[in-house]
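Undergrad: Residue numbers (this note's numbering): 0 to 398.
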Amino acid sequence: PSAIEEFHRGASDGPFSHVLNFAALLFSIALVVVGLGGIKKKCGSGTARDPMTPLVETKVQGPPVPLKWSMASFSGAGDELDVEPGLSTTVISKEEAFSLSTSGDRMISALSANGQVIVRALNVSDLVQELQDMHSLTPLPTVAMGQGVISALLLASGRQTELERFQLEVKGKGPLGGVTAIADGTGRVRGYCGNPQLEGVDMANAIGDGVIAVVRSHPNPDFNRRYNGITEITYKNIPQDVALYLDKSEQVRSAVAAGVTLPKEGISDRISAGGYIVQLLPGATEDTIDMVELNIAKVLMQYNANGAAELLQKGVHPAQMVEELMTDLEPGKWTATTPRWWCKDCSSESVYAALQTLPVVDLQDILDTPEELEARCEWCCKDIELDREVLNEMIEAKS
């Protein structure tokens, strides 16, 4: 009862709801309910419309030995419109949703019968384990990158077209060096952080002051609208600040949870990672809002869980999360998506295409470097050796 009372007391606290803080949350597992207090008030007009330059920029990193260039911005080959057969979002029955979500990584969503609420929940434990291995992450960056990837997947789902890409960048000034994640509605996602081996600092100080920056775009030139949004980092907690972005920049009243728990002796021998988003649609009534608030509190209390990752750890799979978060709201129109790592940028063609944009003097500096020439994809950490003859040909063609 006390937890439920806290939800409702938060409704009068101002533009944002009271946030349930359950102890120290394993490695900063976060539940945020932004709008579930402000949810009862009309959203303010604080829309972030500041134009931004693209978040990823061509950049030269180094010089380490051997010399390596960052490929975080080499997006030429990653913009394909193709989606692997059978891996886009699929409309399914409730029975299929429960069957699919009990094994492997999965995102399940449902719309309430009254059309006022949509809930999405996902399990990406395997994906975050892959991410940790790929980037050789220490614990805190594992949690931060996991939360970034989970948030990007949740926010990319359900857009006007499933190929719309949602780029989320946590541009904090702390030693973590920021987190970047890109996802689309088919479940494809990739991400990286600036300091994958960071240790000895808590999450808030690791993130630091800064902004949440979002770019929404489409790889098809026929969809020429590009949305840029930016909000200040307020809570230094990724899902909490993402929910604030939704409220301020897109006027979408939401509850967002994204968490990662790491293996712990006697509790679990594997990573658990997942999250959910509960969004109110236009026309949501006070009764619906009350049900949403109550359901979130009841689910966490029932399982004595600190967030979505702990729910997964206790055996609550995504379809069950959706059903319980929509108690008395009669969930229908179930859909399923398979989240998966996605990196197609790391090819020599992509590297050379990016290098073509550099002036001759910079290409010559690269060519004059005595060390082995390599480019590194910051998404998947693959190293690609560069051919000096190709660089010579570029310089001659530009001269």
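Glycine is no exception: its CB is placed at the ideal position from the N, C-alpha and C atoms.
Report all residues from its chain with a CB closer than 8 Å to the CB of Ser150; omit the five preceding and five following residues, and keep chain order.
TA: Within the same chain, Ser150 has close Cβ partners Leu167, Ala180, Ile237, Pro238, Val241, Val255, Ala257 and Gly274.
Undergrad: Per DSSP, Ala182 forms a beta bridge with which residues?
TA: Looking at the DSSP assignment, Ala182 forms a beta bridge with Phe165 and Val188.
Undergrad: Would you kindly check if the distance between the Cβ of Ala308 and the Cβ of Val259 is under 7 Å?
TA: The answer is yes: Cβ separation under 7 Å.
Undergrad: To the nearest angstrom, how far is the alpha carbon of Arg269 from that of Val127?
TA: Arg269 and Val127: Cα-Cα distance of roughly 11 Å.
Undergrad: Considering only C-alpha positions, which residue in the set Lys297, Gln301, Asn194 and Arg158 is nearest to Val251?
TA: Answer by Cα proximity: Arg158.
Undergrad: Note down the Cα distance separating Asp208 from Pro174, rounded to an integer number of angstroms.
TA: So the two alpha carbons sit approximately 11 Å from each other.
Undergrad: Looking only at C-alpha atoms, which of Arg164, Tyr191, Glu323 and Val277 sits nearest to Asp408?
TA: This structure cannot speak to residue 408, because the chain is shown only from 0 to 398.
Undergrad: Let me know the secondary structure DSSP gives Ser253 once reduced to three states.
TA: The answer is strand: DSSP assigns Ser253 an E or B state.
Undergrad: In chain order, what residues of the same chain have a beta carbon less than 7 Å from the beta carbon of Gly177, not counting five sequence neighbours either side?
TA: Around Gly177: Glu168, Val169, Lys170, Gly171, Cys192 and Gly193.
Undergrad: Using the rule of at least 16 other Cβ atoms within 10 Å of the residue's Cβ for burial, across every protein chain shown, is Pro262 buried or exposed?
TA: It is exposed - the Cβ of Pro262 has fewer than 16 other Cβ atoms within 10 Å.
Undergrad: Between Arg224, Ala318 and Met144, which lies nearest to Glu95 when the distance is taken from Cα to Cα?
TA: With distances taken between Cα atoms, Glu95 lies closest to Ala318.
Undergrad: Are the segment 318-331 and the segment 340-353 in contact at 8 Å, needing three or more beta carbon pairs?
TA: Segments in contact, no.
Undergrad: Looking at Thr230 and Lys247, is the spacing between their C-beta atoms short of 7 Å?
TA: It is a contact, given that the beta carbons lie within the stated cut-off.
Undergrad: So is Leu385 buried or exposed if we call it buried at 16+ other beta carbons inside 10 Å?
TA: By the 10 Å Cβ count, Leu385 comes out buried.
Undergrad: What span of residues does the alpha helix (DSSP H) with Val118 cover, start to end?
TA: Not the alpha helix (DSSP H): Val118 falls in the beta strand (DSSP E), residues Val116 to Asn122.
Undergrad: Comparing C-alpha positions only, which one of Ala155, Glu377, Thr101 and Val116 sits nearest to Asn294?
TA: Closest by alpha carbon: Val116.
Undergrad: Can you check which of these residues, Gln146, Ser253, Ala304 and Tyr244, is closest to Ala283 by C-alpha distance?
TA: Ranking Gln146, Ser253, Ala304 and Tyr244 by Cα distance to Ala283 puts Ser253 first.
Undergrad: Please report the straight-line C-alpha distance between Lys397 and Glu373, rounded to a whole angstrom.
TA: Near 22 Å, if we compare the C-alpha coordinates of Glu373 and Lys397.
Undergrad: Roughly how many angstroms lie between the CA atoms of Cys342 and Asp286, to the nearest whole one?
TA: Rounded to the nearest angstrom, the two C-alpha atoms are 44 Å apart.
Undergrad: Excluding the 5 residues preceding and the 5 following Glu329 in the sequence, name in chain order all residues of the same chain whose CB lies nearer than 8 Å to its CB.
TA: Correct list, in chain order: Ser111, Ala112 and Asn113.
Undergrad: Find out if the Cβ-Cβ distance for the pair Thr334, Val90 is shorter than 7 Å.
TA: Taking 7 Å as the Cβ cut-off, Thr334 and Val90 qualify as a contacting pair.
Undergrad: Which residue spans inside the segment 251-321 form an unbroken beta strand (DSSP E) run of at least 3?
TA: Fully enclosed beta strand (DSSP E) runs of 3 or longer: 253-260 and 271-279.
Undergrad: Out of Ala296, Ala272, Asp382 and Asp289, which has the shortest C-alpha to C-alpha gap to Gly103?
TA: If we check each option's Cα against that of Gly103, Ala272 comes out closest.
Undergrad: I need the straight-line Cα distance from Asn305 to Leu299, nearest angstrom please.
TA: Each residue's Cα considered, the two are about 7 Å apart.
Undergrad: When you compare the CB positions of Ala212 and Gly184, do they come within less than 7 Å of one another, or not?
TA: Result no, Cβ atoms of Ala212 and Gly184 do not sit closer than 7 Å.
Undergrad: Of all the options Thr101, Trp340, Asp382 and Arg387, which has the alpha carbon lying nearest to the alpha carbon of Val365?
TA: Correcting the residue type first, residue 365 is Ile in the shown sequence and not Val. For Ile365, the nearest C-alpha among the options comes from Arg387.
Undergrad: Check each candidate in Gln278, Glu370, Ala182 and His217 and name the one with the smallest Cα separation from Gly145.
TA: Measuring from the Cα of Gly145, the nearest candidate turns out to be Ala182.
Undergrad: May I ask which residues mark the beginning and end of the alpha helix (DSSP H) holding Ile394?
TA: Looking at the DSSP string, the run of the alpha helix (DSSP H) that includes Ile394 is Arg387 to Lys397.
Undergrad: Take Leu362 and list the residues in its own chain whose beta-carbon comes closer than 7 Å to its own, dropping the five residues that flank it on each side.
TA: Here the set comprises Leu354, Leu390, Met393 and Ile394.
Undergrad: What three-state label does DSSP hand Gly9 in the structure shown?
TA: Caution applies to Gly9, whose pLDDT of 27 falls short of 50 and renders its modelled position unreliable; the value that the coordinates give is listed next. Note: Gly9 maps to helix in three-state DSSP.
Undergrad: Thinking C-beta only, is Leu152 closer than 7 Å to Val188?
TA: A contact, by the Cβ cut-off of 7 Å.
Undergrad: Express the C-alpha separation of Phe165 and Leu245 in angstroms, rounding to a whole number.
TA: In a straight line, the C-alpha of Leu245 is about 13 Å away from that of Phe165.
Undergrad: Closest to Lys381 by C-alpha separation, out of Lys313, Asp327, Ser347 and Asp201, would be which residue?
TA: Considering only alpha carbons, the answer is Ser347.
Undergrad: Can you tell me whether DSSP reads Gly228 as helix, strand or coil?
TA: Strand at Gly228.
Undergrad: Expressed to the nearest angstrom, what Euclidean distance is found between the alpha-carbon atoms of Cys345 and His134?
TA: In a straight line, the C-alpha of Cys345 is about 15 Å away from that of His134.
Undergrad: When you compare each of Thr141, Ile107 and Val315 to Gln196 by their alpha carbons, which one comes out closest?
TA: With distances taken between Cα atoms, Gln196 lies closest to Thr141.
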